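These notes concern the structure reproduced below.
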Amino acid sequence: QKEVEQNSGPLSVPEGAIASLNCTYSDRVSQSFFWYRQYSGKSPELIMSIYSNGDKEDGRFTAQLNKASQYVSLLIRDSQPSDSATYLCASSNQAGTALIFGKGTTLSVSS
Amino acid sequence: SAVISQKPSRDICQRGTSLTIQCQVDSQVTMMFWYRQQPGQSLTLIATANQGSEATYESGFVIDKFPISRPNLTFSTLTVSNMSPEDSSIYLCSAPFGTSGRVRTYEQYFGPGTRLTVT
C-alpha cells in the first residue's frame, strides 16, 4: 500500500516565525513531490513541486527532498496569518500520473 | 498554470438520485483525474479519465456507481449514481500540465470542486 504520511497537527507558530511541515512516503519509486495549500472550503492550490534531492526555494517557501530517507519537507519563512491553512503533501511515481495525498497538516499562524 | 472549471459548484440532492459533475480544462490534456474529499479528510483518487478509452478506477470505486465520460481532451464528467448520505463530499477534478525546463515534469492543478450534500 503506497502511503504518504503527515503529522495532522495543528501546528501553531507566531507571525514571523518559520513553520516546518514534514512528510514521509512509502513508495521508493516515487519521483515527484508536491505541496498544496488548502484553505477551508476551497480546492487545493499548488505551492511547490520538487523532483530532485536537495532544496528548492520559491519566495518564502523552501521544499526539501531526501529520497534516501523518503522524506519531504516544506519550510515557510516569515509566516503570516494568511498562511493559516491545511498543507497537503502528495507524491506520484510517474510523470503526469495521479497523486497520492497525505492527510494534511493544519497550520495556524497567530498575529 | 491552467484554468479548470467545474459545474455545479454545489448541490443538495435526495438519496437515490444521481448527479453529473462537469469538468472543463482550458487546454488539451491527456489525462484527467477525479478525486473525492470527504469532510475533514484528505483527497482520495476515484478514477483516471482517459480520452478514447474506459476510465481506470481505484480500489473501492466502481463504474456503476461513478460512471465517467471523457468525450474530448478538454472535458470530462463524473456521475454519482444512486446517491446515499455517505456520498456527501467534495468532488474535485484535476489535470497534469507539463512544465518548461530541461527535464519534462508535470504539475497537477485542481478545479474549484463540487460540494455535494445528500439528504
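Line by line, the protein sequences give chains A and B. The C-terminal residue of the first sequence carries number 766 in the numbering used here, and the numbering is unbroken. The C-terminal residue of the second sequence carries number 1333 in the numbering used here, and the numbering is unbroken. Using N, Cα and C, we set each Cβ at its ideal position, and we do this for glycine too. In this text, all values refer to a predicted model and were calculated from it rather than measured experimentally.
Buried or exposed (CB count within 10 angstroms, at least 16 for buried), residue i
{"i": "D738/A", "result": "buried"}
{"i": "K758/A", "result": "buried"}
{"i": "V1294/B", "result": "buried"}
{"i": "D1278/B", "result": "exposed"}
{"i": "Q1255/B", "result": "exposed"}
{"i": "R683/A", "result": "exposed"}
{"i": "P699/A", "result": "buried"}
{"i": "P1310/B", "result": "buried"}
{"i": "S696/A", "result": "At residue 696/A the sequence reads Gly, which differs from the Ser that was named. G696/A is exposed by the Cβ-count criterion."}
{"i": "Y694/A", "result": "exposed"}
{"i": "G1327/B", "result": "buried"}
{"i": "R1284/B", "result": "buried"}
{"i": "A723/A", "result": "exposed"}
{"i": "T741/A", "result": "buried"}
{"i": "S707/A", "result": "exposed"}
{"i": "T760/A", "result": "buried"}
{"i": "D1301/B", "result": "buried"}
Per-residue DSSP class, three states only, for residue i
{"i": "D738/A", "result": "helix"}
{"i": "E712/A", "result": "strand"}
{"i": "P1177/B", "result": "Nothing about residue 1177/B can be reported from this structure: the residues present for chain B run from 1215 to 1333 only."}
{"i": "D1278/B", "result": "coil"}
{"i": "N721/A", "result": "strand"}
{"i": "S746/A", "result": "strand"}
{"i": "Q693/A", "result": "strand"}
{"i": "D733/A", "result": "coil"}
{"i": "V684/A", "result": "coil"}
{"i": "R1229/B", "result": "coil"}
{"i": "T752/A", "result": "coil"}
{"i": "Q1238/B", "result": "strand"}
{"i": "Q1251/B", "result": "strand"}
{"i": "S1273/B", "result": "coil"}
{"i": "R1318/B", "result": "coil"}
{"i": "S728/A", "result": "strand"}
Extent of the continuous beta strand (DSSP E) to which residue i belongs
{"i": "K1221/B", "result": "1218-1221"}
{"i": "E660/A", "result": "659-661"}
{"i": "A674/A", "result": "674-680"}
{"i": "M703/A", "result": "700-705"}
{"i": "T1333/B", "result": "Neither: T1333/B is in no beta strand (DSSP E) and is coded neither H nor E."}
{"i": "T1293/B", "result": "1289-1294"}
Residues sharing a beta bridge with residue i, DSSP
{"i": "V1243/B", "result": "Paired residues: none, contrary to the question."}
{"i": "A1309/B", "result": "Y1323/B"}
{"i": "N1264/B", "result": "M1245/B"}
{"i": "L666/A", "result": "L762/A"}
{"i": "R1224/B", "result": "R1329/B"}
Residue i: CB within 7 angstroms of a non-hydrogen atom of the ligand FAD
{"i": "S663/A", "result": "The model depicted lacks the ligand FAD and carries no ligand whatsoever."}
Tell me whether the region 669-679 of chain A and the region 728-735 of chain A touch, counting them as touching only if at least three CB pairs, one residue from each stretch, are closer than 8 angstroms.
yes
Indicate whether the contact test is met: 3 or more Cβ pairs, each with one atom in the region 1224-1238 of chain B and one in the region 685-696 of chain A, closer than 8 angstroms.
no
Quick check: the region 1258-1278 of chain B against the region 1318-1331 of chain B, are there 3 or more CB pairs under 8 angstroms?
no
Check whether the region 1306-1315 of chain B and the region 1248-1256 of chain B are in contact - that is, three or more C-beta pairs closer than 8 angstroms.
yes
Evaluate contact between the region 697-716 of chain A and the region 1270-1277 of chain B, counting only Cβ atoms and requiring at least three cross-stretch pairs below 8 angstroms.
no
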